[in-house]
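Residue numbers (UniProt numbering): 1 to 243.
A virtual CB, placed ideally from N, CA and C, is assigned to each residue, including glycine.
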């Protein structure tokens, strides 16, 4: 998993299948930076996973497909996944809640629909190698080792409720994602942890753990270091929307 920072605070990601070196790009809104990253690590982009329709997540899909076609003289037909309810730019393959997307031989993502930030927002859970894909046993969120959350979970907070409300957010975090392990890593779409923990600290001034974590993050960000990844253990303890 390689993060691709762009603009002021955005992240996209390149995830590489270790067996084939085929890779997927998650929310590659800066296609040039994404392709450069893939080349640098010796990976071949074949797939795009789109969490939601906003331009700073889906806006590079079409351009990346065109760039890859030019790179390989049309030899690669990229699959661009996204949920039907969002109508994401450049999507040519629809996903639904519970689908599994495969990249290369051994890399699989479980799709979970989490409507609130947008109606068709999904998160992609990277399944662990111990999950046996026998074609009969459906994966569960307990099998997920890392989750790419877009704007559904943004380290220490959540994205704005553009197409949902607090009830939708609660259902996403406490019901739809309830079975995710505390050890599951969280790779979100923005570098907002400092801002989000400042808010969390302000609404619960007696919470010394959140305050201490905030000051640690402050020092971390002063060095311009990334706070990715978080984890569900961290989010369930510090993120006020998980409480």
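The three-state secondary structure of residue 62, taken from DSSP, is helix. Going by beta carbons, residue 103 and residue 22 fall inside the 7 Å limit. Taken atom to atom, the span from the alpha-carbon of residue 221 to that of residue 134 is near 44 Å.
In this chain, the beta strand (DSSP E) harbouring residue 6 covers 2-6. For residue 163, the closest C-alpha among the options 156, 155 and 151 is that of 151. Relative to the Cα of residue 24, the nearest Cα in the group 57, 80, 120 and 52 belongs to 80. In the same chain as residue 43, and ignoring 5 residues on each side of it, the C-beta atoms closer than 6 Å to its own belong to 16, 21 and 23, in chain order. By the neighbour-count criterion, in which 16 or more other beta carbons inside 10 Å mark a residue as buried, residue 205 falls on the exposed side. Comparing C-alpha distances from residue 47 to each of 101, 37, 8 and 113 shows the shortest one belongs to 101. Looking only at 241, 210 and 229, the smallest Cα-Cα distance to residue 2 is reached by 229.
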